[in-house]
Amino acid sequence: MILPIPPKHLRRFVPEISRFAVVGGVGYSVDVVLFNVLRALLDVSALPAKLVSLSVATMVAYLGNRRWTYRERTASGAVHDAGRQLLLFIGWSLGGLVIQVGCLWVSRHVLGFDSLLADNISGNVIGMGLATGFRFWGYRTWVFRAATDTAPLPADVRRDATQGLR
30 MILPIPPKHL RRFVPEISRF AVVGGVGYSV DVVLFNVLRA LLDVSALPAK LVSLSVATMV
90 AYLGNRRWTY RERTASGAVH DAGRQLLLFI GWSLGGLVIQ VGCLWVSRHV LGFDSLLADN
150 ISGNVIGMGL ATGFRFWGYR TWVFRAATDT APLPADVRRD ATQGLR
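The numbering of the sequence shown is this note's numbering, which starts it at 30 and goes up by one.
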């Protein structure tokens, strides 16, 4: 099967999306495996198991995204940038967690599906799909902002802008 070539303006996102997908795949694997170990082997109930598995997967994803997906955006190495990014990452990840746990809660408590299969479909397929789009946008837009998004304007651009206001 031959995949269509994305339009030129979208091609610049392909490497970033690919790295994000690999990191997300590793985090997803950690989430699913740990969730199922907690549920099936350790008999932890569904919602606490999902909270634990997502928390561990979030830290794996943070490290992968910071050190690989968005490494060129975090090259400054400033300690305050890393702390700010971690806090923002946790915030956006919590938003994704709410989406995933919300899907699991609706499945169990509104629709009445309480099997391990239903838990996996609602939390690890539907919830993860919705949360992934939310996280990608948030991480890219707010957490790992491009240097051009946060850098001050060069002096000649500031000078030109202020002269245009006179």
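C-beta atoms are modelled at their ideal positions from N, C-alpha and C, and glycine is treated no differently. Predicted model only: the values in this text are computed from it and were never measured.
Classify residue i as buried or exposed, calling it buried when 16 or more other Cβ atoms lie within 10 Å of its own Cβ.
i: Thr98; result: buried
i: Phe64; result: buried
i: Asp60; result: buried
i: Thr170; result: exposed
i: Ala75; result: buried
i: Arg96; result: exposed
i: Val66; result: exposed
Taking only three categories from DSSP, how would you classify residue i?
i: Asp60; result: helix
i: Arg40; result: helix
i: Val73; result: coil
i: Leu80; result: helix
i: Val108; result: With a pLDDT of 48 at Val108, under the threshold of 50, the modelled position of this residue cannot be trusted; read the value that follows with caution. Correct three-state label for Val108: helix.
i: Ala175; result: coil
i: Tyr99; result: coil
Let's see if you can read the secondary structure: which residues bound the alpha helix (DSSP H) around residue i?
i: Trp161; result: At residue 161 the sequence reads Thr, which differs from the Trp that was named. Its alpha helix (DSSP H) spans residues 156 to 167.
Cα-Cα, which of the options is closest to residue i?
i: Gly125; options: Glu101, Asn153, Gly141; result: Asn153
i: Gly56; options: Arg100, Leu83, Arg41; result: Leu83
Discussion item. So within the segment 113 to 162, which uninterrupted alpha helix (DSSP H) runs reach at least 4 residues, ignoring any that extend past its ends?
Written reply: The DSSP assignment places 145 to 148 as complete runs of the alpha helix (DSSP H) inside the segment 113 to 162, in order along the chain (cut-off: 4 residues).
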